[in-house]
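First comes the structure, then the notes that go with it.
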Amino acid sequence: VPRQNSSWIILPTGRTSWGLDWHGPSAQDAWQSVDALGAILKGHTPWHLWRLPDDARVILVGHSNGGQGTWYMASRYPDRVIAAVPASGYIKSQSYVPLTQSRSAHFIDPALRAILETSLTPDDNDLFLSNLVNTPVLAVHGGLDENVPVWHSREYIGILKSWNPTVNVRFVVESLHTPGRLGRLVVSQRDNFTEVRTVNIRTFSIHSRNLPTGDLVINGIDVSIATSAKEAGSVRLRFSVDRPGQVYVLDNVQPSGRMSTALSSKGPVLIVISDTRETRSLSVALRLAHVLNLYHKLDAEIITDDHLMRLVQEDQVGGGTLVVIGNTSGNFTTWCLGRGETPFAIQGTALALQGRSLGGDSVGAIFLHPHPTRSDDNVVFMLADDPLTLERVVKLFPVRTGVTVPDWLVISGSSIDQRGAAGVKGAGFVYY
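Under full-length UniProt numbering, the residue at position 315 of the sequence shown is numbered 315, and the numbers go up by one with no gaps.
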């Protein structure tokens with residue numbers, strides 16, 4: 001790219017190379033780099049000539065995994081994108097590295113496979129391409145590309161043209177280069193109101209700065225929004241449409257849907273163990289802290305269960321994901337699950353799900369839970385009956401991209417060692 005005289009070229013890191021394929025926290029890192037540049041320019045008077053507007057729109061350019069990231073970011077944030085130039089981008093991880101050759105494919109129940117693979121749905125670029133029908137796209141692909149076949153870009157363009165045959169898109173083939181439950185929102189802008197129609201949507205949000213100036217109609221219902229909410233500045237209004245004929249404006253809703261939301265931590269990750277003298281839990285915590293730094297440049301702090309309870313009682317728990325490692329005997333685990341905010345609870349000394357005891361030999365679970373003090377963060381519980389099962393549970397933490405772990409997952413015995421995902425005893429989602 002030649003040197004620019006009237007625009008900025010930003011090369012974000014996405015936290016770390018290949019960290020999350022420009023998904024989730026990696027995309028946040030990219031947008032925050034744009035915002036950071038704007039803040040730097042705004043904070044120095046001599047640079048005001050080159051400063052950026054708030055929420056500056058960008059032209060996205062990327063190659064290979066970055067090409068996939070260009071498709072990802074453009075289709076999720078079309079309001080911040082002027083145009084996109086994806087080069088040699090693959091559609092999604094399942095199309096790039098097919099799951100058909102996995103060990104578990106020989107054993108897994110189709111229903112379980114469907115639940116696990118829904119944790120990848122937010123990253124499936126093809127499902128979000130309808131958001132790009134009004135965005136100029138120049139797709140470039142090497143005709144002899146042996147790594148990402150040209151089929152990927154051809155399919156991208158074909159899907160876009162299915163949504164809008166006159167879409168402003170151009171596809172260029174050059175020589176080889178080197179460098180489940182589907183929900184949908186249909187938004188129509190009318191003369192004096194904005195209409196939103198939902199399909200398979202339970203909740204959605206609109207940032208206050210994007211609220212329409214006229215009336216807002218959701219599924220035929222005129223929604224009244226308080227003036228104070230419209231003038232609140234940088235906030236998100238969340239709407240619930242789970243009951244026919246009714247729409248609610250919700251309080252802040254905690255993120256759920258898949259385990260990797262835990263990586264979108266608002267601060268250092270707090271890793272909680274029962275006691276520093278318990279060598280297995282401490283070993284697990286140290287290894288987890290290491291990989292969080294290695295792959296995501298996330299800071300982590302290891303504290304004891306008693307320390308966390310004191311912080312909770314004093315209302316001193318800061319922002320950030322909590323990761324609780326151990327068994328059901330911890331004070332925080334007992335207190336937190338006793339609040340009844342999810343289907344998980346403790347019966348005697350055993351973990352229970354919807355009143356059904358999960359007690360038995362070598363039972364382990366990993367699941368999301370609402371944060372005790374902050375609505376925009378989560379708790380991850382990794383609980384097991386014995387040290388060997390705890391090691392199996394820890395391997396389910398989504399350190400890398402493409403890990404199929406939804407809101408909760410239960411394992412039992414050693415079958416997961418031989419059969420992979422087919423050895424999972426239960427998996428699913430929690431709405432709280």
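Quick reminder that beta carbons are idealized off the backbone N, C-alpha and C, glycines included.
Exercise. Should Thr100 be labelled buried (16 or more other beta-carbon atoms within 10 Å of its own) or exposed?
Worked result: exposed
Problem set entry | Span separating the alpha-carbon of Ala365 from that of Gln418 | 18 Å
Exercise. Buried or exposed: where does Gln68 fall if 16 or more other Cβ atoms within 10 Å of its Cβ makes it buried?
Worked result: buried
For this session: Tell me whether residue 492 is buried or exposed, calling it buried when 16 or more other Cβ atoms sit within 10 Å of its Cβ.
Result: Missing from the structure shown is residue 492; the chain here goes from 1 to 432 and no further.
Problem set entry | Unbroken stretches of the beta strand (DSSP E), 3 residues or longer, contained in the stretch 132–164 | 137–142
For this session: Verify whether the separation of the beta carbon atoms of Val324 and Val272 is less than 7 Å.
Result: yes
Problem set entry | Identified DSSP bridge partners for Ile82 | Its beta-bridge partners do not exist; DSSP assigns none.
For this session: State the Cα-Cα distance for the pair Arg197 and His44, rounded to the nearest angstrom.
Result: 45 Å
Exercise. Where do the ends of the alpha helix (DSSP H) carrying Ile40 lie?
Worked result: Pro25 to Lys42
Problem set entry | Continuous beta strand (DSSP E) stretch holding Ser412: start and end | Trp408 to Ser412
Problem set entry | Span separating the alpha-carbon of His23 from that of Ser281 | 30 Å
Exercise. Would you say the beta carbon of Gly330 comes nearer than 6 Å to a heavy atom of the ligand NAD?
Worked result: This structure lacks the ligand NAD, and indeed carries no ligand of any kind.
Exercise. Once you ignore the five residues that flank Val85 on each side, which residues in its own chain have a CB closer than 6 Å to its CB?
Worked result: Val61 and Leu138
Problem set entry | Helix, strand or coil at Gly428 according to DSSP, with G and I counted as helix | strand
Exercise. Helix, strand or coil for Ala350 per DSSP?
Worked result: strand
Exercise. Which parts of the stretch 297–339 are runs of the beta strand (DSSP E), unbroken and 3 residues or longer, counting only runs that do not cross its ends?
Worked result: 300–304 and 322–326
Exercise. Going by beta carbon distance, what residues of the same chain come within less than 7 Å of Leu396, once the five residues before and after it are set aside?
Worked result: Ile366, Val405 and Leu409
Exercise. How many Å lie between residue 436 and Asn200 at the Cα?
Worked result: Past the edges of the chain, shown from 1 to 432, lies residue 436, and the structure says nothing about it.
Problem set entry | Strand pairing of Leu383, partner residues [DSSP] | Gly326 and Ala365
Problem set entry | Residue range of the unbroken beta strand (DSSP E) whose run includes residue 435 | Given that the chain is displayed from residue 1 to residue 432, the structure contains no residue 435 and the question cannot be resolved.
Exercise. Is the beta carbon of Thr401 sitting closer than 7 Å to the one on Asp21?
Worked result: yes
For this session: Please name the residue, chosen from Val34, Ala27, Gln94 and Val133, that lies closest to Thr121 on a Cα-to-Cα basis.
Result: Gln94
Exercise. Measuring CB to CB, does Leu322 end up less than 7 Å from Val393?
Worked result: no
Exercise. Going by beta carbon distance, what residues of the same chain come within less than 8 Å of Leu41, once the five residues before and after it are set aside?
Worked result: Trp47, His48, Trp50, Arg51 and Leu52
For this session: Compare the Cα-Cα distances from Asp145 to each of Phe381, Leu116, Ser64 and Val269 and report the closest residue.
Result: Ser64
Exercise. So, are the CB atoms of Tyr72 and Asn125 less than 7 Å apart?
Worked result: yes
Exercise. Using the C-alpha atoms, what's the distance from Arg80 back to Thr373?
Worked result: 32 Å
For this session: Could you say which of Leu294, Ser264 and Asp305 lies nearest to Ser274 if we only look at CA atoms?
Result: Asp305
Problem set entry | Exposure of Ser119, with buried meaning 16 or more beta-carbon neighbours within 10 Å | buried
Exercise. Among His307, Leu263 and Gly423, which one has its Cα closest to the Cα of Ala289?
Worked result: Leu263
Exercise. What do you reckon, are the CB atoms on Phe193 and Gly220 nearer than 7 Å?
Worked result: no
For this session: Taking only beta-carbon positions, decide if Asp376 is within less than 7 Å of chain C.
Result: No chain C appears in the structure shown, which is made up of a single protein chain.
Exercise. Which of the three DSSP states, helix, strand or coil, is assigned to Pro212?
Worked result: coil
Exercise. Measuring CA to CA, which of Val34, Ser265, Ser33 and Gln313 is closest to Ala300?
Worked result: Ser265
Exercise. Can you list, in chain order, the residues of its chain whose CB lies under 6 Å from that of Gly318, leaving out five sequence neighbours each side?
Worked result: Gly267
Problem set entry | DSSP three-state assignment for Leu237, whether helix, strand or coil | strand
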